[in-house]
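Here's the structure we're looking at; comments come further down.
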Amino acid sequence: MPHRQSQSWIYTCLLVSILPTLCLGLLDGLYCGKENCYDVLGVTRESSKSEIGKAYRLLARKYHPDLHRGEEAKALAEEQFKLVATAYEILRDEESRTDYDYMLDNPDAYYAHYYRYYRRRVAPKVDVRVVIVVTLTVISVIQYYSGWQRYDAAIKYFATVPKYRNKALDIARDEIQERVHNRKGKNRKSLSKTEQKEEIERIIRKVIEEKMDVQGGYAKPTLWDVLWVQLLICPYTLFNFIAWHSLWFWRYTVLKQPYGREQQLYLIRRHMGMGQHQFNSLEDKQIEEYLQLELWQRDNFIAWKADQDEDMKKKLAENPRYKAYRRYMKNHGPGRITFED
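Quick note on numbering that gives the first Met the number 0: the sequence shown kicks off at 0 and runs consecutively.
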């Protein structure tokens with residue numbers, strides 16, 4: 000038993016004695032390896048950047064491979080030249096030099112040395128501010144052009160709906176007559192059927208764009224909606240937000256002033272949980288109905304909402320598809336619906 004204890008003690012001592020060597024071996028791939036970068040250039044830690052540059056230029060000329068003859072001499076010079084260049088790259092940069100000095104002052108913190116060294120080598124050299132500016136610009140451009148694509152899709156859709164198409168034809172009847180059907184004269188050239196069709200579609204689109212107030216996510220985009228502009232005017236927007244709510248609290252909570260039409264519509268929209276664009280897309284007849292029902296008052300809105308939910312339940316109960324769905328859920332429970340069902 001004492002023999003085994005002595006053996007374990009010996010192994011422990013050997014491991015402790017070898018561990019520092021192993022740890023130092025981990026630093027071979029960092030900076031100048033086992034060489035001191037200051038000694039490589041023949042300078043001290045107190046040397047200035049100009050002194051380090053001067054020492055590097057002298058050694059670079061001395062060990063430049065082109066100035067040596069013979070394969071062995073050229074190989075040795077090339078190896079020393081690379082070491083000099085590495086030492087100069089480390090010591091000429093203030094942050095890299097600070098990391099190297101930290102390694103010299105804290106030789107045992109080898110994990111921190113690896114982190115500091117590879118953080119600088121792997122990290123991108125691009126300024127973070129440039130990345131942020133480019134990212135915001137790209138997002139703003141995509142946002143603006145995608146808005147135009149949605150708006151164009153909405154206009155094309157309205158041009159195919161008979162209700163809006165016929166109304167646009169009635170409004171633009173005189174222009175169509177002049178541009179398409181009545182083109183006689185010396186300087187006028189008659190249009191083919193394809194050209195006439197294209198001209199009519201262009202006129203219909205123009206009328207719809209002028210008369211149709213597209214709201215919501217398909218509204219006509221403006222530069223005020225893009226992310227860049229919203230960020231720039233953010234302080235102004237925040238100030239207006241605080242001022243508006245403060246004025247609302249003073250007028251209608253403290254002074255108990257009666258609500259105007261604009262305030263009534265705001266309360267109705269807030270009760271319904273709608274956004275401004277979504278609420279604006281409602282028909283005027285429907286909005287007037289909300290005003291007549293005085294839905295800006297919370298109690299009236301709760302009662303109206305209960306009636307709407309009850310009507311919806313009755314419609315669903317009378318819907319054949321919903322009946323089939325409820326029958327299936329009652330017989331089979333919540334699970335997988337197959338094609339046979």
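Glycine is no exception: its CB is placed at the ideal position from the N, C-alpha and C atoms.
Requested in this report: Quick one: using the 10 Å Cβ neighbour count with 16 as the cut-off for buried, is L315 buried or exposed?
Outcome: An exposed status is given to L315, since fewer than 16 other beta-carbon atoms sit within 10 Å of its beta-carbon.
**Report entry** Any beta strand (DSSP E) of 3 or more consecutive residues that is wholly inside the region 284–321
**Finding:** none
Requested in this report: Would you kindly work out how many angstroms separate the C-alpha atoms of K210 and I203, rounded to a whole number?
Outcome: 11 Å
Query raised in the report: Rounded to a whole number of angstroms, what is the C-alpha to C-alpha distance between R118 and D126?
Result: 15 Å
Query raised in the report: Among the residues of its own chain, which have a CB less than 6 Å from the CB of Y289, if the five just before and after it don't count?
Result: I267
Query raised in the report: Between D100 and the rest of its own chain, which residues show a CB-CB distance below 7 Å, the 5 nearest in sequence each way excluded?
Result: R44
Query raised in the report: E71 to V129, Cα distance in whole Å?
Result: 48 Å
Query raised in the report: Nearest CA to the CA of L57: which residue from Y87, M311 and Q277?
Result: Y87
Query raised in the report: Counting along the chain, where does the alpha helix (DSSP H) carrying R68 start and finish?
Result: Segment: none, R68 is in no alpha helix (DSSP H) and carries neither H nor E.
Requested in this report: Report yes if the C-beta distance between A54 and P64 is below 8 Å; otherwise report no.
Outcome: no
Report task. Please state whether DSSP places D98 in a helix, a strand or coil. Result -> helix
Query raised in the report: According to DSSP, is I207 helix, strand or coil?
Result: helix
Query raised in the report: Got a sec? Which residues, its chain only, sit under 8 Å from A323 by beta carbon, not counting five neighbours each side?
Result: none
Query raised in the report: Is it true that the CB of I207 sits closer than 8 Å to the CB of F157?
Result: yes
Query raised in the report: Taking just the CA atoms, how far does K196 sit from D308?
Result: Spanning the two alpha carbons is a distance of roughly 47 Å.
Query - Residues of its chain near L135, where Cβ-Cβ distance is below 8 Å and the 5 sequence neighbours each way are ignored - result: Take L135, set aside five residues on each side of it, and the residues of its chain with a beta-carbon closer than 8 Å to its own are L226, W227 and L230, in chain order.
**Report entry** Neighbour-count burial assignment, M102, 16 or more Cβ in a 10 Å radius
**Finding:** Buried is the call here.
Report task. Please report how far the alpha carbon of F240 lies from the alpha carbon of L246, in whole angstroms. Result -> 10 Å
Query raised in the report: Do you know how far the Cα of K166 is from the Cα of E174?
Result: Their Cα atoms are separated by approximately 14 Å.
**Report entry** Simplified DSSP state of P161, which is helix, strand or coil
**Finding:** Looking at P161 - three-state DSSP - the assignment turns out to be helix.
Query raised in the report: Over what stretch of residues does the alpha helix (DSSP H) that includes I175 continue unbroken?
Result: R172 to I175
Requested in this report: Examine chain C for any beta-carbon lying closer than 8 Å to the beta-carbon of R204, and answer yes or no.
Outcome: Among the protein chains of the structure shown there is no chain C, as only one such chain exists.
Query raised in the report: Smallest Cα separation from P220: which of Y30, E293, E287 and I141?
Result: I141
Query raised in the report: Taking the C-alpha atoms as reference points, what is the distance between R320 and K313?
Result: 13 Å
Query raised in the report: Quick one: what does DSSP say I17 is sitting in, helix, strand or coil?
Result: Per-residue confidence for I17 stands at a pLDDT of 38, beneath the threshold of 50, marking its modelled position as unreliable; the derived number appears in the next sentence. Per DSSP, reduced to three states, the secondary structure at I17 is helical.
Requested in this report: May I ask you to report which of helix, strand or coil DSSP gives I232?
Outcome: coil
Query raised in the report: For H112, does the count of other Cβ atoms within 10 angstroms reach 16, so buried, or fall short, so exposed?
Result: Buried.
Query raised in the report: Hey, quick one: how far does the alpha helix (DSSP H) through A54 stretch, first residue to last?
Result: Note, A54: alpha helix (DSSP H), K48 to K61.
Query raised in the report: Mapping DSSP to helix, strand and coil, what is A323?
Result: helix
Query raised in the report: What's the call for F248, buried or exposed, on a 16-neighbour Cβ count within 10 Å?
Result: exposed
Query raised in the report: Out of curiosity, what's the CA-to-CA distance linking Y251 and E287?
Result: 22 Å
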